[in-house]
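Peer 1: Protein sequences appear in the order of chains A and B. Note that my numbering has the first sequence beginning at 1, numbered continuously upward. Note that my numbering has the second sequence beginning at 141, numbered continuously upward. Glycine included, each C-beta is placed from N, C-alpha and C at the ideal position.
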Amino acid sequence: MKDNVDVTRDRRVFIRPRDFFVLAVLIGLALILYIVTWTTRTSSECVAKIYHNGQLLEVVKLELGEEREFRFDLEPSIAIRQFADQSIAFMSSDCPDRVCVKSGRIKRPGEFAACVPNRFLIVIEGTAESSKGEDVDLVA
Amino acid sequence: MSRERGISVSVRRLTRSAVMLATALALGLLEGMLPHLPAPVPLRYGLANVAVMATLIFIGSLEAFSVAFLKSVFVFMTRGLIAGGVSMTGTLLSVAAMIAIDRFLKRRTSVFLLSILGAITHNAGQMIFLILFLQYRISVLLVGPYLLLFGIATGSLSGLLLYVMMKPLQSFFKSRA
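1) So, is PRO76/A buried or exposed, given that buried needs 16 or more other C-beta atoms within 10 angstroms?
2) Would you tell me roughly how many angstroms separate the C-alpha atoms of ARG247/B and VAL13/A, rounded to the nearest one?
3) Using beta carbons (cut-off 9 Å, strictly below), is GLU125/A in contact with chain B?
4) Just to confirm my understanding: we take ILE292/B, look at its own chain, exclude 5 residues before and 5 after, and list those with CB closer than 6 Å. What are they?
5) So is TYR185/B in contact with chain A if we call contact Cβ pairs under 9 Å?
6) Chain B beta carbons: is any one of them nearer than 9 Å to that of PHE70/A?
7) Can you find a CB in chain A that lies within less than 9 Å of the CB of PRO308/B?
8) How do the stretch 157-165 of chain B and the stretch 259-276 of chain B stand: do at least 3 beta-carbon pairs fall below 8 Å, yes or no?
9) HIS262/B versus chain A: which residues are under 7 Å apart at the beta carbon?
10) With a 10 Å radius around its C-beta and 16 neighbouring C-beta atoms as the bar for buried, classify LEU233/B as buried or exposed.
11) Examine chain A for any beta-carbon lying closer than 9 Å to the beta-carbon of ILE239/B, and answer yes or no.
12) Which residue marks the beginning of the beta strand (DSSP E) containing CYS46/A, and which one marks its end?
13) Considering VAL304/B, what are the terminal residues of the alpha helix (DSSP H) in which it resides?
14) Can you tell which of LYS107/A, ALA84/A, VAL116/A has the C-alpha that lies nearest to the C-alpha of LYS49/A?
15) So what does DSSP say about ILE271/B, is it helix, strand or coil?
16) Residue range of the alpha helix (DSSP H) that PHE14/A falls in?
17) Using DSSP's beta-bridge definition, name the partner residues of ALA114/A.
18) Helix, strand or coil, according to DSSP, for GLY186/B in the structure here?
19) With 9 Å set as the bound, which would you pick, yes or no: does the beta-carbon of THR155/B sit closer than that to a beta-carbon of chain A?
20) Return helix, strand or coil for LEU23/A, following the three-state DSSP convention.
21) Identify which residue in PHE21/A, ARG119/A, ILE27/A has its Cα closest to the Cα of GLN55/A.
22) Would ILE80/A be called buried (16 or more neighbouring beta carbons within 10 Å of its own) or exposed?
23) Beta carbons nearer than 7 Å to chain A: which residues of the stretch 278-292 of chain B have them?
24) Does the separation of the CB atoms of ILE124/A and CYS46/A fall below 9 Å?
25) Where does the unbroken alpha helix (DSSP H) through LEU233/B begin, and where does it stop?
26) Would you say PHE83/A and VAL283/B are within 9 Å of each other, going by their C-beta atoms?
27) Under 7 Å between beta-carbons, which chain A residues line up against SER250/B? List them in chain order, please.
28) For GLY230/B versus THR195/B, is the C-beta distance shorter than 9 Å?
29) Thinking C-alpha only, which one of PRO109/A, ALA89/A, LEU62/A is nearest VAL101/A?
30) In chain A, which residues lie less than 8 Å from ILE222/B when you measure between Cβ atoms?
This is how it looks when you write it as structure tokens:
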């Protein structure tokens, strides 16, 4: 008897008119978030922060024409390269999926690449964000 | 007689759930072989979610939850603690959200809505794990738009896949053999 109920459960439509409303709300929310973070997103000066295990290892200023390679003693297989076009990328890692390397070059604020098995993270931040931190000090 | 029938129903549910779990695992493996999603933040296609959604629609909430949970346990065993944790938070949040919306809309949720909500909550769950447990300094505000838009894109894709598979799945679940 119960099994008969199961087979009637499958009458589903692909999309209903009200779903377009939900879709519009979600896209609207994405747009609002995008506009709210516009100032940090469009700041011309960016820094790449390299974290390991939540600890900040290095702050790399992404300047035009600057190319450098970073290696860290605590995880020798990880190589991070800063490119002349103000982008940065994981170049090598010994993790199985290599999601970090496949993420490719990142350059805009908010973009990040993570090597989860090795607990490495690169986050791009606009410099407008770091000035907010200084304001807090001023109050204190 | 009725007792025997009860047993055969539960065995049928169990075996069907097992088949869906195997499908979820196979789709998860297939996803690993596909090229990386061209997103500015690391995101996945969420193909395995097709199997979880099929379980939710054709079998039931508890079975869908079990399939999702065991799929993550498999990731724990094969790819380690951290990858397992990332998978577990994303998958469990996603399946919980899908079960909740399906209950709320009295099992009349469209495949599209189910799928995009599943995809967005899956991505969000993974980010929550990265931020809370691995102390990743990711700004939710900056990542938010990507999560939403790519969730809609990958969710539509997996929803479409499930909808295309609806007919064969119906005949599979209706067969008494």
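Peer 2: On the basis of the coordinates in this document:
1) Exposed: under 16 other Cβ atoms inside 10 Å.
2) Whole-angstrom Cα-Cα distance: 11 Å.
3) At a cut-off of 9 Å between beta-carbon atoms, GLU125/A makes contact with chain B.
4) Here the set comprises ILE256.
5) Taking CB atoms only, TYR185/B has no neighbour in chain A less than 9 Å away.
6) Closer than 9 Å: no.
7) Not closer than 9 Å to any Cβ of chain A, the Cβ of PRO308/B fails to qualify, so no.
8) Using a Cβ-Cβ distance cut-off of 8 Å, the stretch 157-165 of chain B and the stretch 259-276 of chain B are not in contact, since fewer than three pairs of beta carbons, one from each stretch, lie closer than that value.
9) What HIS262/B touches in chain A: nothing, since even the nearest Cβ is about 14 Å away.
10) Within 10 angstroms of the beta-carbon of LEU233/B lie 16 or more other beta-carbons, which makes it buried.
11) No - not a single Cβ of chain A is within 9 Å of the one on ILE239/B.
12) Annotation for CYS46/A: the continuous beta strand (DSSP E) segment containing it runs 46-52.
13) 280-304 is the extent of the alpha helix (DSSP H) around VAL304/B.
14) The residue with the shortest Cα to Cα distance from LYS49/A is LYS107/A.
15) Three-state result, ILE271/B: helix.
16) Note, PHE14/A: premise wrong, no alpha helix (DSSP H); not H, not E.
17) According to DSSP, ALA114/A bridges with LEU121/A.
18) Coil, per DSSP.
19) THR155/B does not count as touching chain A.
20) Judged by DSSP in its simplified three-state form, LEU23/A adopts helix.
21) Put simply, of PHE21/A, ARG119/A, ILE27/A the residue whose alpha carbon is nearest the alpha carbon of GLN55/A is ARG119/A.
22) Classification for ILE80/A: buried.
23) Cβ contacts with chain A come from ILE278, SER279, LEU281, LEU282, VAL283, GLY284, PRO285, LEU288, LEU289, ILE292.
24) Result yes, Cβ atoms of ILE124/A and CYS46/A sit closer than 9 Å.
25) 221-244 is the span of the alpha helix (DSSP H), which, as asked, contains LEU233/B.
26) It is not a contact, given that the beta carbons lie outside the stated cut-off.
27) In chain order: ARG12, VAL13, PHE14, ILE15, ARG16, ASP19.
28) No, the pair does not count as a contact, with Cβ atoms beyond the cut-off.
29) Residue ALA89/A is the option with its Cα nearest to VAL101/A.
30) Near ILE222/B (Cβ distances below 8 Å), the residues of chain A are VAL116, PRO117, ARG119.
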